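Below is one structure; the comments refer to it alone.
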Amino acid sequence: MSTRHPIISVTGSSGAGTTSVRATFEQIFRREHITPAFIQGDAFHKFDRAGMKRRAREAEAAGDHHFSHFGHEANLLEDLEQTFAAYASTGQGRSRNYIHDAAEAERYGAPVGSFTDWEDLPSPTDLLFYEGLHGAVIADGVDTARFADLKIGVVPVINLEWIQKIHRDRSERGYSAADVTETILRRMPDYVKYICPQFTATDINFQRIPTVDTSNPFIARAIPTADESMVVIRFRDPHGIDFPYLLSMVPNSFMSRANSIVIPGGKLDLAMQLILTPMILSLVEKRRRALSGG
């Protein structure tokens with residue numbers, strides 16, 4: 013953690029909705045005139061798309077049926093930790109981009125499924141914003157969580173997470189339902205070891221819960237809409253959280269526990285704006301005071 017160079021980490025598994033949460037943060041950054049450096053978790057995958065497929069086949073042939081993007085072996089977790097450490101210390105670091113689709117391929121001039129070259133992060137910036145799989149991972153001697161000043165977990169209930177992944181991978185990446193199902197099954201041990209424990213370390217978790225039947229996610233024809241969902245917001249430390257204010261500002265919300273508030277799914281963006289804006293401004297104000305010697 014660093015007063016002069018704060019880090020915000022948004023973590024969640026593939027299909028969890030972290031990209032949508034990033035859009036809310038970007039809106040706050042623009043409105044409050046905050047200059048962030050962005051890091052995508054995909055940048056720290058160890059293999060490009062072709063290399064990952066090849067490595068997965070090799071692992072399968074060797075009897076490893078659970079090699080996945082969630083695990084340590086497929087990621088440069090030490091490099092990610094070092095990047096967090098460097099930014100916390102100096103406000104600088106290096107990252108790259110993973111090319112997900114044709115639009116990004118055109119933007120970066122690189123093939124889909126490949127990486128851009130490593131580059132220095134822009135400087136100066138007010139904070140570092142990470143969005144990806146391992147923003148609060150504590151495993152195998154790696155601890156990214158200790159460097160993040162604000163850690164956000166995005167955690168739909170598991171069936172909803174699977175539905176979102178199945179629909180995204182089929183519509184955007186051309187995968188079959190069987191392909192996505194195989195991926196989900198292969199990832200499960202790493203999901204349990206590397207992804208789930210992070211949500212104990214996060215400061216706030218946003219967990220979307222559908223209010224429609226998602227009993228069999230593998231045949232679901234549509235992703236439940238925001239209006240067909242509720243969101244449980246859990247604060248690791250509820251001290252200082254103005255729950256009466258949040259309840260008054262978010263219609264039809266209620267508290268389910270002393271550290272948790274439940275809101276209608278359609279009010280997620282509003283709730284995030286209300287909760288996260290003062291937290292972000294506090295980090296930036298502390299940074300500016302530290303830099304000015306105040």
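Residues 13 to 306 (this note's numbering) make up the sequence shown, in order. A virtual CB, placed ideally from N, CA and C, is assigned to each residue, including glycine. Bear in mind that the values here come from a model prediction, so they are computed numbers and not experimental data.
- Item | Rounded distance between the beta-carbons of N264 and P250, thought under 8 angstroms | Here P250 is actually not in contact with N264; their C-beta atoms are around 21 angstroms apart, not less than 8 angstroms.
Of the listed residues I19, S25 and H17, nearest to W174 (C-alpha basis) = Minimum Cα distance to W174 is reached at S25.
- Message: Within a Cβ cutoff of 7 angstroms, which residues of the same chain sit near L295, ignoring the five residues on either side of it in sequence?
- Response: Leaving aside the five residues that flank L295 on each side, the residues in its chain whose CB is nearer than 7 angstroms to its CB run, in chain order, P18, L139, D161 and L162.
- Can you pull the DSSP bridge partners for P222? In the DSSP assignment, P222 is bridged to S241.
- When DSSP labels each residue in this structure, what does T23 get in the three-state scheme? Note: T23 maps to strand in three-state DSSP.
ask   = Three-state secondary structure (DSSP) at F230?
value = Per DSSP, reduced to three states, the secondary structure at F230 is coil, with no helix or strand assignment.
>> For E143, list the residues DSSP reports as bridge partners.
In response: Note: E143 sits in a beta bridge opposite V22 and Q52.
With a Cβ-Cβ cutoff of 8 angstroms, do L6 and F56 count as a contact? The question about residue 6 has no answer, for the chain in this structure spans 13 to 306.
Confirm, please, whether the CB-CB distance from G144 to G53 is below 8 angstroms. One thing to note: G53 has its Cβ within 8 angstroms of the Cβ of G144.
Q | N-terminal and C-terminal residue of the beta strand (DSSP E) that P276 is part of | A | It spans S272 to P276 - the beta strand (DSSP E) in which P276 sits, taken as one unbroken run.
Notebook entry, point to check: When the distance is taken between beta carbons, is V274 closer than 8 angstroms to S268?
Noted result: Going by C-beta atoms, S268 is nearer than 8 angstroms to V274.
Check: Going straight from the alpha carbon of R67 to that of F96, what length do you get?
Finding: If you take the alpha carbons of R67 and F96, they lie about 27 angstroms apart.
Item checked: V192 versus R182: straight-line alpha-carbon distance, rounded -> Roughly 8 angstroms separates the two Cα atoms.
ask   = Which first and last residues belong to the beta strand (DSSP E) in which K163 is found?
value = For K163, the enclosing beta strand (DSSP E) starts and ends at L162 to V166.
Original post:
Thinking C-beta only, is G277 closer than 8 angstroms to V166?
Top reply: No; because the gap between Cβ atoms is not below 8 angstroms, this pair is not in contact.
Which residue spans inside the stretch 29–74 form an unbroken alpha helix (DSSP H) run of at least 4?
-> Unbroken alpha helix (DSSP H) stretches of 4 residues or longer found wholly inside the stretch 29–74: 30–43 and 61–73, given in chain order.
Problem - Which residues DSSP lists as bridging N87, in chain order - result: N87 is bridged by DSSP to H57.
Next on the checklist: If I follow the unbroken beta strand (DSSP E) through S268, where does it start and stop?
Outcome noted: F266 to R269 is the extent of the beta strand (DSSP E) around S268.
R127 vs Y99 beta-carbon contact at 8 angstroms:
The residue you asked about is not Arg; residue 127 is Phe in the sequence shown. Note that the C-beta distance between F127 and Y99 is not below 8 angstroms.
Terminal residues of the continuous alpha helix (DSSP H) containing Q104? First-last for Q104: undefined, no H or E at that position.
*Look up A151 in the DSSP assignment and say whether it is helix, strand or coil.*
Three-state result, A151: strand.
Spatial neighbours of S14 in its chain, beta-carbon cut-off 6 angstroms, leaving aside the 5 residues before and after:
So the qualifying residues of the chain are A100.
- With C-beta atoms as the reference, is G147 less than 8 angstroms away from T156? In this structure, G147 places its C-beta atom within 8 angstroms of the C-beta atom of T156.
Tell me whether I253 sits in a helix, a strand or coil according to DSSP, three-state version. Under the three-state reduction of DSSP, I253 is assigned to coil, being neither helix nor strand.
Nearest neighbour of R318, chosen from T47, P256, R43 and Q39 [CA to CA]: Here the chain has residues from 13 to 306 only, and residue 318 is not among them.
### Task
For L258, collect the residues of the same chain with a Cβ closer than 8 angstroms to its Cβ; drop the 5 residues on either side in sequence, then sort them by chain order.
S265, I273, A283, L286 and I287.
- Task: Going by CA-CA distance only, name the one from P123, I245 and H45 that's closest to I221.
- Result: Taking I221 as reference, the option from P123, I245 and H45 with the minimal CA-CA separation is I245.
query: Where do the N-terminal and C-terminal ends of the alpha helix (DSSP H) with K298 fall, by residue?
result: That run of the alpha helix (DSSP H) goes L280 to S304.
Open item on the list: In this structure, how does DSSP classify D113 when only helix, strand and coil are distinguished?
Closed with: Here D113 carries a coil assignment [DSSP, helix/strand/coil].
**Prompt:** How close, in whole Å, do the beta carbons of R61 and G125 come, if the pair is a contact with beta carbons under 8 angstroms?
**Reply:** Rounded, the Cβ-Cβ distance is 3 angstroms, consistent with contact.
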